[in-house]
Amino acid sequence: MTAIVQELLDTFDRLTDSERSDLLLEILKRTIHLDFPPLSDEDLVLNAEGIFLELDDSYRKNQSRSNSTSSGEYLFP
Numbered sequence: 001m002t003a004i005v006q007e008l009l010d011t012f013d014r015l016t017d018s019e020r021s022d023l024l025l026e027i028l029k030r031t032i033h034l035d036f037p038p039l040s041d042e043d044l045v046l047n048a049e050g051i052f053l054e055l056d057d058s059y060r061k062n063q064s065r066s067n068s069t070s071s072g073e074y075l076f077p
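Laid out in structure tokens, this is it:
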């Protein structure tokens, strides 16, 4: 990933939800007609693995927070 792409992603993370939606819509409008080659099986597997690892991490963090509540309250993701 290039530095400018990382900078764009960092900026995206700082946007409000509304701004993110606006940006996503504009990016989709601009890329819909580009001719991208299909993703290889390896690319799909690597992307899926990354997503599942992030979900597992998020789940573990939520579990540790819910286990650390002493009042018996349940935290929902």
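Here the sequence shown is numbered in this note's numbering, starting from 1 and rising by one per residue. Ideal placement from N, C-alpha and C gives every residue a C-beta, glycine not left out. The structure displayed is predicted, hence computed values, not measured ones.
Cβ pair residue i, residue j closer than 9 Å
i: residue 12; j: residue 23; result: yes
i: residue 47; j: residue 39; result: yes
Pairwise C-alpha distance: residue j and residue i
i: residue 28; j: residue 63; result: 35 Å
i: residue 66; j: residue 21; result: 31 Å
i: residue 1; j: residue 9; result: 11 Å
i: residue 34; j: residue 14; result: 27 Å
i: residue 57; j: residue 44; result: 20 Å
**OP:** Identify every run of the alpha helix (DSSP H) within the region 19–71, keeping only runs that are complete inside it and at least 4 residues long; order them along the chain.
**Re:** Runs of the alpha helix (DSSP H) spanning 4 or more residues and lying entirely within the region 19–71 occur at 41–67, in chain order.
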